[in-house]
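Engineer: Protein chains in written order, with this note's numbering: chain A, 24 to 150; chain B, 24 to 150; chain C, 4 to 398; chain D, 4 to 398.
For every residue, glycine included, the Cβ atom is placed at its ideal position computed from N, Cα and C.
Below is one structure. I have some questions about it.
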Amino acid sequence: MPVYSDKVMEHFMHPRNVGEIETPDGVGEVGNPICGDMMTFYIKVKDNRLADVKYKTFGCGAAIAVSSMVSEMAMGKTLDEALKITPRTVADELEGLPQNKFHCSNLGAQALHKAIQDYRGKKKGGK
Amino acid sequence: MPVYSDKVMEHFMHPRNVGEIETPDGVGEVGNPICGDMMTFYIKVKDNRLADVKYKTFGCGAAIAVSSMVSEMAMGKTLDEALKITPRTVADELEGLPQNKFHCSNLGAQALHKAIQDYRGKKKGGK
Amino acid sequence: MRKVYLDNAAATPLLPEVREAMLPYLGEVFGNPSSLHDWGDKAREAVESARIQVAQLIGANPEEIIFTGSGTESNNLAIKGLALAQPGKGKHIVVSAIEHFSVLHSVQTLGKWGFEMTLVPVDKYGVVDPQAVRKSLRKDTILVSMMHANGEVGSIEPLAEISKITKERNIPFHTDAVATAGTIPLDVSELGVDSLSLAGNQFYGPKGVGALWVRKGVRIMPFLEGGVQEGGRRAGTENVPAIVGLGKAAELARVNMPARMKQLIPLRDRLLTELPAKIDHVVVTGHLKQRLPGHASFCIEFIEGEAMLMLLNSQGVAVSSGSACTSRALKASHVLIAMGIPHALAQGSILFTLGLDNSARDIDYVLEVMPPIVDRLRQMSPLYAKFIKTGKGGK
Amino acid sequence: MRKVYLDNAAATPLLPEVREAMLPYLGEVFGNPSSLHDWGDKAREAVESARIQVAQLIGANPEEIIFTGSGTESNNLAIKGLALAQPGKGKHIVVSAIEHFSVLHSVQTLGKWGFEMTLVPVDKYGVVDPQAVRKSLRKDTILVSMMHANGEVGSIEPLAEISKITKERNIPFHTDAVATAGTIPLDVSELGVDSLSLAGNQFYGPKGVGALWVRKGVRIMPFLEGGVQEGGRRAGTENVPAIVGLGKAAELARVNMPARMKQLIPLRDRLLTELPAKIDHVVVTGHLKQRLPGHASFCIEFIEGEAMLMLLNSQGVAVSSGSACTSRALKASHVLIAMGIPHALAQGSILFTLGLDNSARDIDYVLEVMPPIVDRLRQMSPLYAKFIKTGKGGK
Ligand SMILES: Cc1ncc(COP(=O)(O)O)c(C=O)c1O
Ligand SMILES: Cc1ncc(COP(=O)(O)O)c(C=O)c1O
C-alpha cells in the first residue's frame with residue numbers, strides 16, 4: 024500500500040509537457056507556496072482547440088502528477104471539452120489520489136480553466 | 024529478582040514448629056481471613072522461658088515464613104526476650120520482605136506477644 | 004520435574020509461525036510506516052496487512068481497527084475517548100461490577116470531570132442480567148461498557164441481549180473482549196457492540212500490542228496524543244513487529260479456532276469435575292457452561308491462593324489466583340466479591356488457564372500434585388482446625 | 004542501485020545484539036512479569052535488569068524508571084501526569100514553541116480542564132533563550148517542558164541553564180529527550196530536570212517501547228490506568244521483549260557513544276558544508292555547533308520536500324522532510340515556522356539523519372545524486388522561473 028498509485032508515480036517520474044510557452048494565448052496561475060502547491064498553466068489555442076499545453080509546478084508528488092495528467096488530458100481538446108476536466112476526472116485518470124491530497128494538490132484543472140478564461144478574456148477584450 | 028528472599032522461600036517450603044500445643048500455657052490469635060492472613064500461636068512456658076512454640080497460619084507465603092521464623096526466634100528465649108521480637112527483626116532475619124507484605128503478613132511477632140500476654144494474664148488471674 | 008504451564012490468561016507463548024512472521028520486522032524491514040520511501044512503504048504495507056487480519060478475526064472493516072499498545076490501552080482509549088467525544092450529551096456511564104481495572108479505573112478518573120458511574124451487579128456465576136442493565140440506564144447515559152468474558156472466572160456475558168437494549172436507546176456500547184477475541188468465535192455485528200478491545204498476548208500473539216475496533220461513525224477522542232498515526236486516533240510510531248505478530252496470531256486464531264476449542268474444552272471439563280471430586284470443600288467459580296474454553300477456576304476452602312501457587316510452582320506447575328495476597332494491591336478480587344463469594348473463601352481462589360501446549364497428561368499431573376498441597380496447607384490452617392473441631396466455618 | 008538510509012530520526016535499524024537479547028523473550032521466556040511462578044520470575048528479572056541498564060544510560064536510579072510504549076506515551080504521561088498531580092497549585096504550563104506534538108497536544112488537551120499554556124519562542128537556530136523562560140513564568144506555573152534536542156532541526160537546548168531557573172522557583176521541569184537519550188551524553192542530575200522521556204527506536208532499540216524517568220519524590224498521576232504494573236504508574240502487561248531490547252540498546256549506547264559520535268560527526272559536517280557548496284540557494288536549518296551528531300537539515304529554495312524525497316527514493320536514498328506536503332496534516336512544520344523561516348522556504352525542508360550503517364561513500368553518493376534532483380525540480384518550478392527572470396523571490 025504505497026501512498027501513491029502506480030499512475031501517479033509514473034506521471035511524477037516522467038511528467039509530460041513540462042515547461043513554459045514563449046508567447047502563450049492564455050496563462051492560469053493557482054495556489055501559492057504558503058499552502059504548499061503552486062501551478063502555472065500556459066496554453067496555445069488553434070481553431071478553438073488546445074494546440075499546446077505546458078505548465079510549471081511547485082509542489083508535492085501529487086501536484087506534479089496532477090499537472091502532467093491535466094496537460095495530457097487537455098491536449099488537443101476543444102476549449103469547452105477542456106473545461107469539463109475536473110479534479111474528480113483527473114484523480115480518476117490517475118487511479119486515485121490520497122484523501123488528504125485530493126483538495127490541495129489537485130489544482131491542475133483549476134489552473135487550466137483559468138488559462139482558458141484568460142484566453143477568452145483577452146479575445147473578448149479584443150486584443 | 025524473585026518476589027521473596029531465599030530465606031523466606033526456605034521457611035515457606037520447610038516451616039518449623041507447625042502445629043498446635045494440646046495444653047498451651049498461652050494462645051495468641053491475630054488477623055482475620057478477610058484481610059488475608061490469620062495466625063494462632065501456642066506457647067508452653069517453663070522457668071519463664073518459652074519451652075515450646077507452635078502455630079497455625081492461614082495466609083500467603085510471607086505469612087507462613089514469618090510464623091516459622093518467629094517460632095524459631097522465640098524458642099528457648101525468656102518471655103522478656105521474646106517480647107523484643109518485632110516485625111522489623113523478623114523481616115531482617117528473613118533477609119527482607121516485599122514492601123507490600125511488610126505490614127499485613129508480618130503479624131507473627133504480634134501473635135506471639137499476644138500468647139505471652141495471655142499466659143501472663145492467666146497467671147495473674149491466679150489460675 | 005514435569006513443567007506444566009496453566010497460566011495462559013496471564014501470558015500465552017508466542018506461536019512459532021507468529022515469531023517467524025515478526026522476525027523480518029526485527030531485521031531488515033525496520034522503517035517507520037509514516038516515512039515516504041521504500042523503507043517506510045514496506046513497514047506501512049505490513050501494518051495494513053495486519054489490520055486486515057485483525058478485522059477479519061472479528062468481522063470488522065480494516066479501517067475501523069486502531070492498533071494500540073495493550074488491552075489496557077484499548078480500554079483506556081475506548082472509555083475515555085468515547086465519553087469525552089460526547090460533550091453536552093450527558094455524564095452517566097454504566098459498567099458491570101466485574102470489569103477489568105483498565106475499564107473501572109478509567110471510569111473512576113472520568114469522575115473527576117463530572118462523570119457518574121453505575122455498577123451493574125452480577126449473579127453468583129458472574130453473569131450480568133440484561134434487565135439490570137436496562138434499569139441502570141438514565142436519560143443522560145452516554146456509554147455502556149460490559150466485558151465479553153471475565154478473565155478471572157471465565158463467564159461469558161450475554162452481550163447480544165444487552166446490545167439490543169443499548170441500541171433501542173442509541174447509547175454507545177463498548178466491550179472489553181481481551182479474554183475472548185482470538186479464543187472464541189466473535190463477530191462485532193452479532194454482538195451488536197460499537198467498540199471492542201482485544202490484545203495479542205491472549206491468543207499466542209506478542210505482548211505490547213492491542214487493538215481497539217470502533218464502528219465507523221462512532222466518534223472517539225484520541226487518548227495518546229501527538230502525531231497523526233492510526234488516522235489521528237492513536238499517536239506514536241507504530242510497533243511494527245508486534246502489529247505484524249498480532250495480525251498473524253489473529254489469522255491463525257480465526258483458522259484454527261474450532262480445533263483449539265476441541266482440544267481445550269475436554270481438558271477444562273476434566274479439571275472442573277475431577278478436582279472437586281478429589282478434594283473436599285472446593286467450589287467452582289464462574290458459569291459452568293457459558294465459559295471460556297480453557298478456563299477452570301475454583302475457590303479452595305480454608306487456605307490461601309498465593310501459598311498454593313508457590314507450592315504448585317515448586318512442583319513445576321504455573322497457575323494464578325485472585326486472592327488478596329496475590330494482588331499487589333492486597334485486595335480481594337472485586338470479581339469474586341461481586342459474585343457474593345465471602346472474603347475468606349475468595350482467599351482460596353485458584354485459576355487454571357489452559358493453552359495449546361497442554362495435554363491430558365498435564366491434567367493428570369495437576370490432579371496428582373494438587374491434593375497433597377491442599378492437604379499440607381490445611382494442616383497448617385487455623386480455619387481448617389476450627390472447622391474440623393466445630394464443623395463450622397465451611398461454606 | 005546503492006541503498007542509502009538517511010532517515011534514522013524516523014526509525015533506526017535494530018542492532019543484531021539487541022535482537023539477540025530479545026529473541027529468548029519471543030520464545031521460551033514468555034511469562035507475565037506479574038505472575039508468581041518461575042515463568043513470571045524470569046520475565047520480571049529481565050524487566051528489572053533492563054531497568055538498571057536504562058537508568059545507567061541517563062544517570063538515574065532504576066526505581067525512577069517507568070517503562071512505556073513509546074516516546075509519545077512517555078510525553079503524554081509526563082505532561083498530563085505531572086500537571087494533574089498538583090491540584091490546587093496552579094494551572095499554568097510553559098513549553099517551547101518547537102516541542103513535539105506529543106507534548107504540545109497534551110498541553111492543549113489540558114486546556115479543557117482549565118490549564119493555560121505559554122509558548123516560549125526560539126531564535127533562528129531553534130534555540131530557546133533561558134531568560135525568555137524566566138520571563139514566561141507566573142506565580143501559578145506548575146510545569147515547564149522543554150525538549151533536549153529537536154528531531155527536525157537538530158539543535159540542542161540549554162537545559163542546564165533553564166533548570167537553574169525552574170529550581171529557583173521550585174517548578175517541575177520535564178524534558179523530552181527522545182532525540183538525545185542514547186545519542187549524546189546525558190545525565191539527569193547535570194541537566195537538572197525532574198522528568199525525562201526517551202524511546203528505544205531512536206538508538207537502535209526496538210519500536211513499541213519508551214521510558215519515562217521521574218525523579219524520586221516528584222508526584223505523577225498514572226496515564227494508562229488499570230493494573231499496578233510499574234509501581235502503579237503505568238498499567239498493562241509489560242512488553243517484555245521490547246523492554247529487554249531497550250535495556251540492551253541503552254547499554255550499547257552508553258558504552259559505544261564516543262565511537263558512534265566520532266563516526267557520525269564528520270559525515271554530518273561534510274553534508275552540512277558540501278551540500279550548500281554544491282547547490283545554490285540552500286540554507287542549513289538549526290544550530291551549526293549545538294547539534295545532534297548525525298543530523299543535517301536544510302531548506303532548499305524554490306522546490307518542495309516531498310518531491311525531493313520521492314526522487315531521492317528513486318535513487319535509493321531515504322530521507323525525510325518537514326514540508327507541509329509530507330506531513331499528513333498538510334501543515335508547514337511548526338518548528339521551522341517558529342524559527343522564522345518563511346512558508347515557501349519551509350516547503351523545501353529536507354532532513355538527512357545519519358546512522359551507524361552510514362559511511363563516507365553514502366555521503367559521496369548523496370552529494371552526487373542530490374544536485375541533479377534539485378535542478379530537475381527547479382526547472383519545473385514557477386518560483387525558480389520567477390527568480391531567474393526577476394532576481395526576486397530568493398531568500
Ligand atoms: C478482560 C481483560 N481486559 C483487559 C486486560 C488487560 O490486558 P493487558 O494487561 O494486556 O493490557 C486483561 C488482562 O488480562 C483482561 O483479562
Ligand atoms: C523529540 C521527539 N519527541 C517525541 C517523539 C515521539 O516518538 P514516538 O513516535 O516514538 O512515540 C519524537 C519522534 O520522533 C521526537 O523526535
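Any beta carbon from chain C within less than 8 Å of Ser105(D)'s own beta carbon?
Structural biologist: Counted from its first residue, the fourth sequence places residue 105(D) at position 102. Judged by the 8 Å Cβ criterion, Ser105(D) is in contact with chain C.
Engineer: Could you list the residues in the stretch 73-97 of chain A with a C-beta less than 9 Å from some C-beta on chain D, going in chain order?
Structural biologist: Tyr78, Lys79, Thr80, Phe81, Gly82, Cys83, Gly84, Ala85, Ala86, Ile87, Ser90
Engineer: How many angstroms separate the CA atom of Glu160(C) from the CA atom of Thr112(A)?
Structural biologist: Position 157 of the third sequence, counted from the start, is the residue given in the question as residue 160(C). Position 89 of the first sequence, counted from the start, is the residue given in the question as residue 112(A). One alpha carbon belongs to Glu160(C), the other to Thr112(A), and they sit about 51 Å apart.
Engineer: Closer than 8 Å, CB to CB, is Met313(C) near chain D or not?
Structural biologist: On the third sequence, position 310 is the one that residue 313(C) refers to. For Met313(C), the closest Cβ of chain D is nearer than 8 Å.
Engineer: By the 7 Å beta-carbon criterion, what residues does the stretch 44-76 of chain C contribute toward chain B?
Structural biologist: Hits within the stretch: zero.
Engineer: What separation, rounded to the nearest whole angstrom, lies between the Cα atoms of Leu255(D) and Val247(D)?
Structural biologist: What you label residue 255(D) is simply residue 252 of the fourth sequence in a count that begins at 1. What you label residue 247(D) is simply residue 244 of the fourth sequence in a count that begins at 1. When rounded, the distance between both Cα atoms is 12 Å.
Engineer: Met260(D) lies in the alpha helix (DSSP H); which residues open and close that run?
Structural biologist: One-based indexing of the fourth sequence puts residue 260(D) at position 257. First-last of the alpha helix (DSSP H) with Met260(D): 243-281.
Engineer: Hey, is the stretch 121-137 of chain A in contact with the stretch 28-35 of chain B, meaning 3+ C-beta pairs nearer than 8 Å?
Structural biologist: no
Engineer: Taking just the CA atoms, how far does Ala85(A) sit from Pro110(A)?
Structural biologist: Here the question's residue 110(A) lines up with position 87 in the first sequence. Here the question's residue 85(A) lines up with position 62 in the first sequence. In this structure, the alpha-carbon of Pro110(A) lies about 12 Å from that of Ala85(A).
Engineer: Given this structure, state the Cα-to-Cα distance separating Ala13(C) from Arg141(D), to the nearest angstrom.
Structural biologist: Position 10 of the third sequence, counting from 1, holds the residue named residue 13(C). Position 138 of the fourth sequence, counting from 1, holds the residue named residue 141(D). Looking at the two C-alpha atoms, the distance is approximately 48 Å.
Engineer: Hey, would you say the C-beta of Ser105(C) is under 7 Å away from at least one heavy atom of ligand 1?
Structural biologist: One-based indexing of the third sequence puts residue 105(C) at position 102. Correct: Ser105(C) has its Cβ closer than 7 Å to ligand 1.
Engineer: Leaving out five residues on either side along the sequence, give the residues of the same chain with a beta carbon under 8 Å from the beta carbon of Ser139(C).
Structural biologist: Here residue 139(C) refers to the residue found at position 136 of the third sequence. Only Val97, Thr121, Val123 meet the Cβ criterion.
Engineer: Measure the CB-CB distance between Leu29(C) and Pro244(C) and report whether it falls below 8 Å.
Structural biologist: As a position in the third sequence, residue 29(C) is number 26, starting the count at 1. As a position in the third sequence, residue 244(C) is number 241, starting the count at 1. Result yes, Cβ atoms of Leu29(C) and Pro244(C) sit closer than 8 Å.
Engineer: Ligand 1 heavy atoms versus the CB of Ser326(C): any closer than 7 Å?
Structural biologist: Within the third sequence, residue 326(C) is the residue found at index 323, counting from 1. The answer is no for Ser326(C).
Engineer: Do we get a CB-CB distance below 8 Å when we pair Val231(D) with the residues of chain C?
Structural biologist: Within the fourth sequence, numbered from 1, the residue matching residue 231(D) stands at position 228. Cβ-Cβ to chain C under 8 Å: yes for Val231(D).
Engineer: Looking at the structure shown, is Val372(D) part of a helix, part of a strand, or coil, going by DSSP?
Structural biologist: Within the fourth sequence, numbered from 1, the residue matching residue 372(D) stands at position 369. Assignment of Val372(D) by DSSP, reduced to helix, strand and coil, places it in the helix class.
Engineer: When you compare only the Cα positions, how much space is there between Met24(A) and Asp41(C)?
Structural biologist: Here residue 24(A) is taken as the residue at index 1 of the first sequence, counted from 1. Here residue 41(C) is taken as the residue at index 38 of the third sequence, counted from 1. Confidence is the limiting factor: at Met24(A) the pLDDT is only 46, short of 50, which leaves the residue's position unreliable, though a coordinate-based value still follows. Between Met24(A) and Asp41(C), the C-alpha separation is close to 11 Å.
Engineer: Is there a Cβ of chain C sitting closer than 8 Å to that of Thr121(D), yes or no?
Structural biologist: The residue labelled residue 121(D) in the question sits at position 118 within the fourth sequence. No, because no Cβ of chain C sits closer than 8 Å to the Cβ of Thr121(D).
Engineer: Quick check for students: name the residue ranges of the alpha helix (DSSP H) that lie wholly in the stretch 28-73 of chain C, counting only runs of 4 or more.
Structural biologist: List check, alpha helix (DSSP H) in window: 41-61.
Engineer: Quick check: the Cα distance between Lys281(C) and Ile303(C), rounded to an integer number of angstroms?
Structural biologist: Here residue 281(C) refers to the residue found at position 278 of the third sequence. Here residue 303(C) refers to the residue found at position 300 of the third sequence. Lys281(C) and Ile303(C): Cα-Cα distance of roughly 12 Å.
Engineer: Which residues end up in the neighbourhood of ligand 3 when you take C-beta atoms closer than 5 Å to any of its heavy atoms?
Structural biologist: Absence of ligand 3 is noted for the structure shown, with ligand 1 and ligand 2 being the only ligands found.
Engineer: Would you grab the beta carbon distance between Ser73(D) and Ala253(D) for me? Rounded to a whole angstrom, and I think it's under 8 Å.
Structural biologist: By 1-based counting over the fourth sequence, the position of residue 73(D) is 70. By 1-based counting over the fourth sequence, the position of residue 253(D) is 250. The pair is not a contact, with the Cβ atoms about 16 Å apart (cut-off 8 Å).
Engineer: Unbroken beta strand (DSSP E) runs of length 3 or more, entirely within the stretch 55-123 of chain A: which are they?
Structural biologist: 61-69, 72-81
Engineer: Is it buried or exposed, Gln111(D), if we count other Cβ atoms within 10 angstroms and call 16 or more buried?
Structural biologist: Taking the fourth sequence and counting its residues from 1, one reaches residue 111(D) at position 108. Its Cβ having fewer than 16 others within 10 Å, Gln111(D) is exposed.
Engineer: Comparing alpha-carbon positions, which option in Ala58(C), Leu18(C), Gly234(C), Val322(C) lies nearest Ser200(C)?
Structural biologist: As a first step, residue 200(C) must be located in the third sequence, where it is residue number 197. Checking every option, the nearest Cα to that of Ser200(C) belongs to Ala58(C).
Engineer: Let me know if Pro385(C) comes out buried or exposed under the rule of 16 or more other beta-carbons within 10 Å of its beta-carbon.
Structural biologist: Here residue 385(C) is taken as the residue at index 382 of the third sequence, counted from 1. So Pro385(C) ends up on the buried side.
Engineer: So is the beta-carbon of Met150(C) under 7 Å away from any non-hydrogen atom of ligand 1?
Structural biologist: In the third sequence, counting from the first residue as 1, residue 150(C) sits at position 147. Within the cutoff, so yes.
Engineer: Tell me whether Ala12(C) counts as near ligand 1, meaning its Cβ is closer than 7 Å to at least one heavy atom of that ligand.
Structural biologist: On the third sequence, residue 12(C) is found 9 positions in, with the first residue counted as 1. Correct: Ala12(C) has its Cβ closer than 7 Å to ligand 1.
Engineer: Which chain D residues are close to Val243(C), counting only those with a beta carbon under 7 Å from its beta carbon?
Structural biologist: Locating residue 243(C) in the third sequence gives position 240, counting from the first residue. Under the 7 Å cutoff, chain D gives Lys210.
Engineer: Would Glu45(B) count as contacting chain C if we go by Cβ distances under 8 Å?
Structural biologist: By 1-based counting over the second sequence, the position of residue 45(B) is 22. Interface criterion not met: the Cβ of Glu45(B) is under 8 Å from no Cβ in chain C.
Engineer: By alpha-carbon positions, which one of Asp272(C), Glu51(C), Val212(C), Glu20(C) ends up nearest to Ile366(C)?
Structural biologist: Against the third sequence, residue 366(C) aligns to sequence position 363. The shortest C-alpha separation from Ile366(C) is found at Asp272(C).
Engineer: Does the beta-carbon of His95(C) have 16 or more other beta-carbons within 10 angstroms, so that it is buried, or is it exposed?
Structural biologist: Against the third sequence, residue 95(C) aligns to sequence position 92. By the neighbour-count rule (16 or more Cβ atoms within 10 Å), His95(C) is buried.
Engineer: Give a yes or no on contact between the stretch 148-162 of chain D and the stretch 178-197 of chain D, applying the rule of three or more CB pairs nearer than 8 Å.
Structural biologist: yes
Engineer: Looking at the C-beta of Phe35(A), does it have a partner C-beta in chain D at a distance below 8 Å?
Structural biologist: For the purposes of this step, residue 35(A) is taken as the residue at position 12 of the first sequence. Yes, contact with chain D.
Engineer: Would you list the residues sitting across from Ile174(C) in a DSSP beta bridge?
Structural biologist: Against the third sequence, residue 174(C) aligns to sequence position 171. Its beta-bridge partners do not exist; DSSP assigns none.
Engineer: Quick one: which chain D residues come within Cβ less than 7 Å of Ser323(C)?
Structural biologist: For the purposes of this step, residue 323(C) is identified with residue 320 of the third sequence, where counting begins at 1. Correct list: Ser38.
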